[in-house]
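Trainee:
In this note's numbering, the protein residues as written are 1346 to 1899.
The structure is reproduced here in structure tokens:
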């Protein structure tokens, strides 16, 4: 069918809905409250073996030798794998894993350390055994000889002259040009608008501050888990709790040099992710162990492993300088953002630079961004990755400017709000974004105008920007003889995906939400669907659901 014409910044519908906007019982609710829902740890295929991962105790060390012979000879151990069991590749190929991309060679090095370990908790070897206790015992029998090296734990330390080099082959991309010589700075980029020097000359008040933020883990309740079966026909079946089953399929296939059609991923119920369950960790290890043993292999991280080995949000060092006239107009803003990427390039500093001053109409802006590798786990996504660091820093300085100028913090923001037509320092021009309307609603709210209750109380205000994006989604709908419908989709259900899709389908078809049976299915059973993240699923899956329901209706 022909898609309707979409006009930006208009109300698409004023229709009163019969299903959308109601609160039906969630389709997965009964299973979850009764304990019947199947999570990754619950998968128990016949012949299951249990895997464990040997991890580095050092933040930075050269691996001089690995001897797995004692572990392999332990009764009950079925296989041991190390980095040499993974295919080798040179740098250059990239793999998408949802809210980010990673060089394939770096991804393999992160899965199993090769010549060096780059953070405490870096995986070195995998063991499969008849039970988890035997596998754990076998880890203690693997002899690893290390040459301990100096480590780098903050972005400024990594950028300093003479800093220990973490990745010998890494070269800085300096404003689009590759520099000579090894460096811990993967990239330096810059956004600029207007004349920064002139803008600060026009300012009556200038405030400059430096901020540091720490790496913070997502803290999802359910630990990372995977069960893998390498079948006799050469296909690999992965069961895992993930935000992006198709991203896992692609990353596993790339890491094992397989075509994506050789990998099937079944997404299980997921106990939280917040961006942290996109990246690939032990899935290829479980697959290789399964290939060696001919049995399915399950690996579940302990809570300690989750915190030591999986990707938190970046720590950062941020310098903000802003100037304003005595009347309250911000004339210039400068940001210096250095984000910790972890052991491999790919921090969310780009998103931080995109968001730092974006709520405001500032004529003169320069933003310098630095992606810096450090001896910590590779950074991952976490709730608007990169934006919260930058927004915290910028909003603090905005508040200080308002105080210095004697202005109400909301009024000061209203005077400098970005509007439709405002150009961002990164280039794009804002559509209608509602900044002014939001601030006016905040100012009119009774809470803002009510007296503070007691001493040592305060009331703050802050604004932030995030650029939502959409991508591919698939949905299939079929009818049953009793008038109900089956709906299959590939978006992992974190925030009520099944319920929202069912409600939209029901709305189009004129039936109850309870008469829709939604299912999140494996990657063989639905078309490509991008991962559940970035607050995108209701729109992108909803669009696919709407189109599928319209097709069925017609």
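Note that CB positions come from ideal geometry on N, CA and C, so glycine has one too. On a predicted model such as this, the values are computed, not experimentally measured, just so you know.
1. Just how far apart, CA to CA, sit residue 1854 and residue 1865?
2. Could you check the C-alpha separation between residue 1528 and residue 1734 for me, to the nearest Å?
3. Given a cut-off of 8 Å, decide if residue 1483 and residue 1472 are closer than it, judged by their beta-carbon atoms.
4. Can you tell me where the alpha helix (DSSP H) with residue 1792 in it begins and where it stops?
5. Do you know how far the Cα of residue 1710 is from the Cα of residue 1743?
6. Beta carbon of residue 1658, beta carbon of residue 1810: below 8 Å?
7. Could you give the residue range of the beta strand (DSSP E) that holds residue 1612?
8. Using a Cβ-Cβ cutoff of less than 8 Å, which residues in the same chain neighbour residue 1904 once the five nearest sequence positions on both sides are dropped?
9. How is the alpha helix (DSSP H) around residue 1862 delimited, first residue to last?
10. In three-state terms, what does DSSP make of residue 1831?
11. Between which two residues does the beta strand (DSSP E) holding residue 1556 run?
12. Using the rule of at least 16 other Cβ atoms within 10 Å of the residue's Cβ for burial, across every protein chain shown, is residue 1793 buried or exposed?
13. Threshold first: 4 residues or longer. Then list the alpha helix (DSSP H) segments lying entirely within the segment 1772 to 1827, N to C.
14. Let me know if residue 1764 comes out buried or exposed under the rule of 16 or more other beta-carbons within 10 Å of its beta-carbon.
15. Taking all protein chains shown into account, decide if residue 1570 is buried (16 or more other Cβ within 10 angstroms of its Cβ) or exposed.
16. Is the beta carbon of residue 1622 closer than 8 Å to that of residue 1615?
17. Take the Cβ of residue 1362 as the centre, count every other Cβ of all protein chains shown within 10 Å, and call the residue buried at 16 or more, exposed below.
18. My understanding is that residue 1554 touches residue 1842, with C-beta atoms under 8 Å, so please give their C-beta distance in whole angstroms.
19. In terms of residue numbering, what span does the alpha helix (DSSP H) encompassing residue 1455 cover?
20. Determine the contact status of residue 1848 and residue 1699, defining contact as a CB-CB distance below 8 Å.
21. Classify residue 1391 as buried or exposed, calling it buried when 16 or more other Cβ atoms lie within 10 Å of its own Cβ.
22. Three or more C-beta pairs under 8 Å: does that hold for the segment 1748 to 1758 against the segment 1797 to 1804?
23. In the structure shown, what three-state DSSP assignment does residue 1591 receive?
24. Using a Cβ-Cβ cutoff of less than 6 Å, which residues in the same chain neighbour residue 1770 once the five nearest sequence positions on both sides are dropped?
25. Once you ignore the five residues that flank residue 1406 on each side, which residues in its own chain have a CB closer than 7 Å to its CB?
26. On the premise that residue 1369 lies in contact with residue 1858, defined as a C-beta separation below 8 Å, what is that separation, rounded to the nearest angstrom?
27. Tell me whether residue 1594 is buried or exposed, calling it buried when 16 or more other Cβ atoms sit within 10 Å of its Cβ.
28. Around the C-beta of residue 1717, are 16 or more other C-beta atoms found within 10 angstroms, so that it is buried, or is it exposed?
29. Sorted by chain position, which residues of the same chain lie with C-beta nearer than 6 Å to residue 1678's C-beta, five sequence neighbours on each side aside?
30. What separation, rounded to the nearest whole angstrom, lies between the Cα atoms of residue 1353 and residue 1777?
31. Counting only the same chain and skipping the five closest in sequence on each side, list residues whose C-beta sits under 8 Å from that of residue 1393.
32. Report buried or exposed for residue 1600, applying the criterion of at least 16 other Cβ atoms within 10 angstroms of its Cβ.
33. Got a sec? Which residues, its chain only, sit under 6 Å from residue 1647 by beta carbon, not counting five neighbours each side?
34. Please confirm if residue 1538 has its CB atom under 8 Å from at least one CB of chain D.
35. Helix, strand or coil: which one does DSSP assign to residue 1516?
Mentor: The short version:
1. 20 Å
2. 24 Å
3. yes
4. 1791 to 1794
5. 15 Å
6. no
7. 1608 to 1612
8. No statement about residue 1904 is possible, as the shown extent of the chain runs from 1346 to 1899 and does not include it.
9. Residue 1862 -> not in any alpha helix (DSSP H); beta strand (DSSP E) instead, spanning 1861 to 1865.
10. strand
11. 1550 to 1558
12. exposed
13. 1780 to 1789 and 1791 to 1794
14. exposed
15. buried
16. yes
17. exposed
18. Wrong, their Cβ atoms sit about 41 Å apart, outside the cutoff.
19. 1449 to 1456
20. no
21. exposed
22. no
23. helix
24. 1536, 1538, 1710 and 1712
25. 1461, 1462, 1491, 1492, 1493 and 1494
26. 4 Å
27. buried
28. buried
29. 1667, 1702, 1707 and 1710
30. Any answer about residue 1353 is weak, because its pLDDT of 47 lies below 50 and its placement is not dependable; what the coordinates show is given next. Residue 1353 and residue 1777: Cα-Cα distance of roughly 9 Å.
31. 1572, 1640, 1641, 1642 and 1643
32. buried
33. none
34. In the displayed structure, chain D is absent; only one protein chain is listed.
35. coil
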